[in-house]
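Going by the working numbering, 429 is the number at position 433 of the sequence shown; the sequence numbering is gapless. Yeah, the Cβ is synthetic: ideal placement off N, Cα and C, and Gly gets one too. Only a predicted model underlies this, so the values are computations on that prediction, with no experimental measurement involved. First comes the structure, then the notes that go with it.
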Amino acid sequence: MHSSDFKTRSQFGINKTVMIIGSGETGADVAYLAVNSPTKQVLMCHKDGFHFAPKRNPGPILLPILGRKPNPNEPGIPIDVSRANLFDTTYVHQALRNSMILWEYYNYYIKALLWVCSGTTSGMDQWVGEISQARHHPSKIFFNKSMKVCPYLSLPYRPRQPGPSLWLYALRSAFVQTPIPDTHGRQVDLAPLPKRINESGVVEFVDNGRPEYDRLKFRTIQPDVIVLCTGYQQTFPFLDNTHKTSTHHLSSYVRGIWRRDEPAMGFIGFVRPSLGAIPPLAEMQAQLWVLNLMAPHKLSKPKAEDEIHYKLHSKYDDRVTYGVDHESYAYQLAMDMNSAPGIVDIWRITQTIHITSLYRLLIIWAFGAHFNTKFRLIGPWAWEGAMEVLVSEELWHTITRRPVLFGHLLVSILPMAIFGPLSMAFFIYHSLLSYWQSLELHLL
């Protein structure tokens, strides 16, 4: 059955072998439900790996060797709002923004952080199913936040045998450790995609040269239930031939929303963030699309060269070609609508508010994520209640509840210290270059 037909755990049956084909968030969720049901064996098949990322960022335990324990009253803030925006998307020089420098920083940062926290760079405490090296880069992948199944997959592969790997794992864990949920011996067997299923119902898997194939190649796998978690395609049969399109082509549309020759038809909510949520982006897409139709004079004309920095680097034959970086895309939409407040706008607003709200607004503007409310402070969609919501306890806690080391320092202050001066250097260089080129033209 396809995952769209899966409704309840009872469909797994009792003491059955369940095979899930697909390792995206749906596949991971179904595998987790299956392994926590009265099943005999659960397998999850993948094509080229996955990268598990936590939904929340409580921060790892520092010095657990001293008996320190996680705080059950602090689940952590959502990881997609734990990143500062100043000098990451706000006030970033165009040349730096369009380069791979920011991407490379986060590539090395993510993998270093993963190793420090869990001993592996494949994903958070993910010891199997790594993405191939050519593709394992934040500019190319969608992070899988359905990681409840991760400890069940990692159980057979986590270092347990005496040797250098176990010693290094134990040494690192004495200083920094991410809590590992107890699976009570239950596990999900990772598998390559099936190559064929014979007349007896026995599966032969593709030899992908990975450890999971070696574990299964001499075992007889005869699934009773197969769940296809292989994704979906959007179609629009109600459109006539003039307007028919495919979401495969949305990356070539203006901000992924409308065709340049057909602005009256907008596709809202179809972009997919690598880490983040679609609904907030859909709201901003709708604002931009309506504004382009009703009051185009209020827009900064969307330029094609401003689409490079927020798009994920997909190949044409990829199933999903409309991936974006959530923060970069949201900020670009706000810039198009002249709704992104700068430091001068924030300073002007702070002249009329209470001192407590003043410092909160400044900190949230610089250190907070790109909440849609921030882009309602100014511009054509300005709202009088935006400031009050922006400095509310709910959004303020996304700053104050961040871990000090793995939140404020490494995700906010360090990138600011690197990319702030770097953007200034790019600005000075390109200003001097532009001046020199204009001087040469004048002399000629």
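Would you check if the distance between the CB atom of residue i and the CB atom of residue j is smaller than 8 Å?
i: LEU164; j: CYS41; result: no
i: ALA326; j: PRO276; result: yes
i: VAL316; j: VAL26; result: no
i: ARG251; j: LEU329; result: yes
i: LEU357; j: LEU386; result: yes
i: ASP185; j: LEU39; result: yes
i: ASP44; j: ILE127; result: yes
i: ASN334; j: LYS294; result: yes
i: ILE16; j: CYS225; result: yes
i: LEU110; j: THR116; result: yes
i: THR13; j: GLN183; result: no
i: ASN67; j: PRO34; result: no
i: ALA187; j: PHE171; result: no
i: THR174; j: SER95; result: no
i: LEU354; j: LEU92; result: no
i: LEU156; j: LEU162; result: Residue identity check: residue 156 is Arg in the sequence provided, not Leu. Going by C-beta atoms, ARG156 is nearer than 8 Å to LEU162.
i: ALA24; j: VAL145; result: yes
i: GLU323; j: ALA365; result: yes
i: HIS47; j: ILE137; result: yes
i: THR22; j: SER6; result: no
First and last residue of the beta strand (DSSP E) that includes residue i?
i: THR441; result: Nothing can be reported for residue 441, as the shown portion of the chain is limited to -3 through 440.
i: HIS42; result: 37 to 42
i: SER192; result: What sits at residue 192 in the sequence shown is Arg, not Ser. It spans 190 to 193 - the beta strand (DSSP E) in which ARG192 sits, taken as one unbroken run.
i: LEU224; result: 221 to 224
i: GLU200; result: 199 to 201
I believe residue i touches residue j by the beta-carbon criterion, under 8 Å. Please report the beta-carbon distance rounded to the nearest angstrom.
i: ALA49; j: LYS141; result: 6 Å
i: GLN281; j: ILE264; result: 5 Å
i: LEU266; j: TYR209; result: For the sequence presented, residue 266 should be read as Phe rather than Leu. The pair is not a contact, with the Cβ atoms about 35 Å apart (cut-off 8 Å).
i: LEU308; j: SER118; result: That pair is no contact at about 19 Å.
i: PHE363; j: LEU391; result: PHE363 to LEU391, Cβ: 11 Å. No contact.
i: GLY20; j: GLY262; result: Wrong, their Cβ atoms sit about 27 Å apart, outside the cutoff.
i: LEU289; j: ALA260; result: 7 Å
i: ASP332; j: SER296; result: 6 Å
i: MET449; j: ILE342; result: Not covered by the structure: residue 449. The range shown for the chain is -3 to 440.
Please check if any C-beta of chain C sits within less than 8 Å of the C-beta of residue i.
i: GLU390; result: Of the protein chains in this structure there is only one, and it is not chain C.
Where do the ends of the alpha helix (DSSP H) carrying residue i lie?
i: ARG345; result: Note on identity: in this sequence residue 345 is Ile, with Arg being the wrong assignment. Residues 339 to 346.
i: PHE171; result: 160 to 171
i: ILE106; result: 97 to 114
i: GLU279; result: 274 to 290
i: LEU455; result: Residue 455 cannot be examined here, being either before or after the span of the chain that is shown, -3 to 440.
i: LEU92; result: 90 to 94
i: VAL31; result: 21 to 31
i: TYR327; result: 322 to 332
i: LEU149; result: 146 to 150
Problem - At least three beta-carbon pairs within less than 8 Å, the segment 400 to 414 to the segment 45 to 60 - result: In this structure the segment 400 to 414 touches the segment 45 to 60; the number of beta carbon pairs closer than 8 Å is three or more.
Exercise for the section: Would you check if the segment 271 to 291 and the segment 73 to 88 touch, i.e. whether three or more CB-CB distances between them fall below 8 Å? Expected result: yes
Exercise for the section: Would you be able to state if there are at least three C-beta pairs under 8 Å between the segment 364 to 377 and the segment 419 to 431? Expected result: Segments in contact, no.
Problem - Contiguous alpha helix (DSSP H) assignments of at least 4 residues, all confined to the segment 363 to 406 - result: 382 to 386, 389 to 396
Exercise for the section: Report yes or no: do three or more beta-carbon pairs, one from the segment 81 to 89 and one from the segment 407 to 415, lie closer than 8 Å? Expected result: yes
Exercise for the section: Determine contact between the segment 118 to 125 and the segment 137 to 153, defined as no fewer than three beta-carbon pairs at a distance below 8 Å. Expected result: yes
Exercise for the section: For the segment 46 to 87, list the alpha helix (DSSP H) runs that are entirely contained and at least 4 residues long, ordered along the chain. Expected result: none
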